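For the sequence shown, the numbering used here begins at 17 and goes up steadily by one. Below: the structure, in structure tokens.
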Amino acid sequence: MNFKRIQSIFLVIFIIMDVLLFLSYNRNSVGDSTASGSNNILEEMRKDQITYSKPTTKTHEGYYFSGNNGNALRQDAPELQQQDIRFSGDELVSEFKQPLKLTNGSVKQTLDKVVADPGLIAEGKHYSYSEQLSSKSEIIYVQRVAQKPIYSRYCQIRFDLNGKNQVIGYSQNYLEGVKMLKEASKTISEERALTWLYQYNEIPNGAKVTWVHLAYTRLLTARGQYVFLPTWVFAVKLNNSSSTILKRVNAYTGEVIKTGDNNQTSNANSEIFTLT
17 MNFKRIQSIF LVIFIIMDVL LFLSYNRNSV GDSTASGSNN ILEEMRKDQI
67 TYSKPTTKTH EGYYFSGNNG NALRQDAPEL QQQDIRFSGD ELVSEFKQPL
117 KLTNGSVKQT LDKVVADPGL IAEGKHYSYS EQLSSKSEII YVQRVAQKPI
167 YSRYCQIRFD LNGKNQVIGY SQNYLEGVKM LKEASKTISE ERALTWLYQY
217 NEIPNGAKVT WVHLAYTRLL TARGQYVFLP TWVFAVKLNN SSSTILKRVN
267 AYTGEVIKTG DNNQTSNANS EIFTLT
């Protein structure tokens with residue numbers, strides 16, 4: 017790729033980001049941003065029977081960055097052992113020749129050793145276990161950038177379990193060519209993100225916020241480059257339902273990032289994970 021083409025890619029990315037930021041900063045005000053205002057909103061949430069853990073007021077720092085699913089996994093694949101491998105696009109799909117046995121309490125301990133072994137998992141040192149994203153049938157490891165997890169299927173290892181609690185294989189995507197697009201910027205706090213999410217009517221009465229993480233999620237895709245930004249990710253369990261849905265808040269601007277298959281500029285729940 018020549019220098020002029022690289023310049024044009026990043027120019028497109030920055031133009032799109034600037035437009036999105038302009039739109040988000042010009043949204044109507046959603047309420048008092050003072051500490052007392054936040055406390056009042058939290059009290060309103062309690063009256064609406066919304067359950068949540070006390071949110072922190074701490075701010076953090078994060079980056080805009082880009083990356084792509086390149087050829088690293090294909091290059092590493094010949095070195096992998098004890099498994100049959102194929103590729104579905106850029107995704108590596110593996111089936112272990114002998115299933116890995118797991119016992120209660122040993123899931124993380126066992127798979128941490130597997131992921132750390134370059135003879136079993138390519139680029140494993142860049143991934144860490146995610147308890148929240150994992151389920152009874154699938155154990156998920158997420159890639160990390162700048163000491164924070166990335167919640168996107170483009171950056172995950174997903175181990176498949178059978179009915180005997182054995183790992184029978186996995187699928188993997190790896191984000192490479194990571195480039196920081198801007199210097200680190202301060203994020204809003206968890207408390208502010210939660211109160212804005214409520215004020216945007218994204219948390220229904222009687223719901224429970226089961227967990228909250230500050231993670232990177234995909235903002236958009238431009239010419240084969242995925243662009244990520246820091247995001248407050250809220251897992252919301254609806255009243256009288258076994259389903260958990262995700263709500264995302266831009267950790268820079270406080271704008272709610274809509275999720276759904278029809279929104280091509282943001283990732284749907286299924287891109288991160290599905291919980292039922």
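All residues carry an ideal CB built from backbone N, CA and C; glycine is no exception. What you are looking at is a predicted structure, and each value in this text was computed from that prediction instead of being measured.
Chain-order list of residues whose beta-carbon lies under 6 Å from that of GLU107 (same chain, five-residue window excluded): Counted from its first residue, the sequence shown places residue 107 at position 91. Excluding positions up to five away in sequence, the list reads SER187, ASN189.
Those residues which DSSP pairs with VAL243 across a bridge: What you label residue 243 is simply residue 227 of the sequence shown in a count that begins at 1. Answer is SER82, LEU236.
Contact defined as beta carbons within less than 8 Å: I believe ASP64 pairs with ASN255. What is the distance between those atoms, to the nearest angstrom? Locating residue 64 in the sequence shown gives position 48, where the first residue counts as 1. Locating residue 255 in the sequence shown gives position 239, where the first residue counts as 1. Cβ-Cβ separation between ASP64 and ASN255: approximately 11 Å, too far for a contact (criterion under 8 Å).
Does the separation of the CB atoms of LEU136 and THR126 fall below 8 Å? The count along the sequence shown starts at 1 and reaches residue 136 at position 120. The count along the sequence shown starts at 1 and reaches residue 126 at position 110. Between LEU136 and THR126, the C-beta gap is not smaller than 8 Å, which leaves the two residues out of contact.
Helix, strand or coil: how does DSSP classify THR269 here? Residue numbering aside, residue 269 sits at position 253 when the sequence shown is read from its first letter. THR269 falls in the coil class under three-state DSSP.
Three-way DSSP call (helix, strand, coil) for SER104 in this model: What you label residue 104 is simply residue 88 of the sequence shown in a count that begins at 1. SER104 falls in the strand class under three-state DSSP.
By DSSP's criteria, TYR157 is part of a beta bridge. Which residues make up the other side? For the purposes of this step, residue 157 is taken as the residue at position 141 of the sequence shown. TYR157 is bridged to TYR145, ILE173.
Do GLY140 and TYR242 count as a contact pair if the criterion is CB distance below 8 Å? Counted from its first residue, the sequence shown places residue 242 at position 226. Counted from its first residue, the sequence shown places residue 140 at position 124. Between TYR242 and GLY140, the C-beta gap is not smaller than 8 Å, which leaves the two residues out of contact.
If you measure between the beta carbons of LEU213 and VAL249, is that distance less than 8 Å? As a first step, residue 213 must be located in the sequence shown, where it is residue number 197. As a first step, residue 249 must be located in the sequence shown, where it is residue number 233. In this structure, the beta-carbon distance from LEU213 to VAL249 does not fall below 8 Å.
7 Å Cβ shell around VAL123 - same chain, five flanking residues per side excluded: Position 107 of the sequence shown, counted from the start, is the residue given in the question as residue 123. If the five residues before and after VAL123 are omitted, its C-beta is found closer than 7 Å to the C-beta atoms of ILE155, all from its own chain and listed in chain order.
What do you get for ASN44, buried or exposed, if any count of 16 or more other CB atoms within 10 angstroms of its CB means buried? The residue labelled residue 44 in the question sits at position 28 within the sequence shown. Low per-residue confidence applies at ASN44: pLDDT is 42, beneath 50, and the placement is therefore not dependable, though the value from the model is reported in the following sentence. In this structure ASN44 is exposed. Its beta-carbon is surrounded by fewer than 16 other beta-carbon atoms within 10 angstroms.
Considering only residues of the same chain and omitting the five flanking positions on each side of LEU230, which have a CB-CB separation below 8 Å? Within the sequence shown, the letter at position 214 stands for residue 230. Excluding sequence neighbours, LEU230 sits near HIS76, GLY78, LYS164, THR203, GLU206, PRO246, THR247, TRP248, VAL249, ALA267.
Exposed or buried, LYS274, counting other C-beta atoms within 10 Å across all chains shown (16 or more means buried)? Sequence index remark: in the sequence shown, residue 274 carries index 258 (1-based). The residue is exposed, with fewer than 16 neighbouring Cβ atoms inside 10 Å.
Spell out the partners DSSP gives SER187 in its beta bridges. In the sequence shown, residue 187 corresponds to position 171, counting from 1. The bridge partners DSSP lists for SER187 are VAL109, ARG174.
My output table needs one value for PRO71: the three-state DSSP class, helix, strand or coil. Along the sequence shown, read from residue 1 onward, the residue named residue 71 stands at position 55. Coil, per DSSP.
Could you please give me the residues that DSSP links to GLN182 through a beta bridge? Position 166 of the sequence shown, counted from the start, is the residue given in the question as residue 182. DSSP, once it has assigned bridges, lists LYS117 as partnering GLN182.
Going by the CB atoms, is the gap between VAL183 and ALA223 shorter than 8 Å? The residue you call residue 223 lines up with position 207 of the sequence shown. The residue you call residue 183 lines up with position 167 of the sequence shown. Cβ distance not < 8 Å, so ALA223 and VAL183 don't count as in contact.
Burial state of PRO71, where buried means 16 or more other Cβ atoms lie within 10 Å: Taking the first residue of the sequence shown as 1, we reach residue 71 at position 55. Buried: at least 16 other Cβ atoms inside 10 Å.
Under the three-state DSSP convention, the category LEU197 falls into: Along the sequence shown, one-based indexing puts residue 197 at 181. The three-state secondary structure of LEU197, taken from DSSP, is coil.
Could you pull the start and end residues of the alpha helix (DSSP H) that LYS129 belongs to? On the sequence shown, position 113 is the one that residue 129 refers to. Per DSSP, LYS129 is one residue of the alpha helix (DSSP H) stretching across 123 to 132.
Nearest-angstrom Cα distance between TYR232 and CYS171? The residue labelled residue 232 in the question sits at position 216 within the sequence shown. The residue labelled residue 171 in the question sits at position 155 within the sequence shown. Roughly 11 Å between the two C-alpha positions.
Can ARG234 and SER168 be called in contact, C-beta distance under 8 Å? Here residue 234 refers to the residue found at position 218 of the sequence shown. Here residue 168 refers to the residue found at position 152 of the sequence shown. Their beta carbons are under 8 Å apart, which means ARG234 touches SER168 by this criterion.
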